[in-house]
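Everything on this sheet refers to the single structure shown next.
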């Protein structure tokens, strides 16, 4: 006949095995109910970075998750620049954007198959800017006027900063919705396109990022 102590000894391994099964079942249930949130969106900060050529600027990626929580991502972020000749970027959490040459580039941040982009500008510090030509006359209410923006009032190719400049047209102090200006990388100028613009003499103003410098030229619509 088995002794009481012998029966207790046999029950102990069975009890431990049963306890292990229960713990495993509870763990599986918990894993089923409590799923780690997934990344749903990324926002690059600052949203429109501008960095001086030869200097660096810190960028951060703010992530929002499926449970609506959010925070700055500290690792696992892949950063890239569409034009490294303008600006380079390195980092896997926060990143360092370094200006290489005057111009614009698209910055991309990616993590967990989620991506975000921002338009970055690299600029040079200059004391003055100028535009050439100072006046363009269209032959009709629709047409294109091309301008080159120069640094330091020195109209030579080496000082062409048109790619980084922003041009806007106004008529009698009011922004002209019928004239839009954009950079043409093929010709290295800013093209201001008029589409059924009311006749008049428009003022085209160039500004350069990171400065308060401006230059003006006229656009005449007959």
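In this note's numbering, the protein residues as written are -11 to 210. Built from N, CA and C at the ideal position, the CB exists for glycine as well.
By the neighbour-count criterion, in which a residue is buried when 16 or more other Cβ atoms sit within 10 angstroms of its Cβ, residue 32 is buried. By the 16-neighbour rule on beta-carbons within 10 angstroms, residue 30 is buried.
The Cβ atoms of residue 192 and residue 206 lie closer than 8 Å to each other. Apart from sequence neighbours up to five positions away, the residues of its chain that approach residue 83 with a beta-carbon distance below 6 Å are 47, 67 and 77, ordered along the chain. No residue range can be given for residue 54, since it is assigned to no beta strand (DSSP E) and is classified by DSSP as neither H nor E. According to the DSSP secondary-structure assignment, residue 65 is paired through a beta bridge with no residue.
A distance below 8 Å separates the beta carbons of residue 94 and residue 107. Nearest C-alpha to residue 169 among 163, 178, 122 and 43: 178. In its chain, beyond the 5 residues on either side, 193 have a beta carbon closer than 6 Å to the beta carbon of residue 156.
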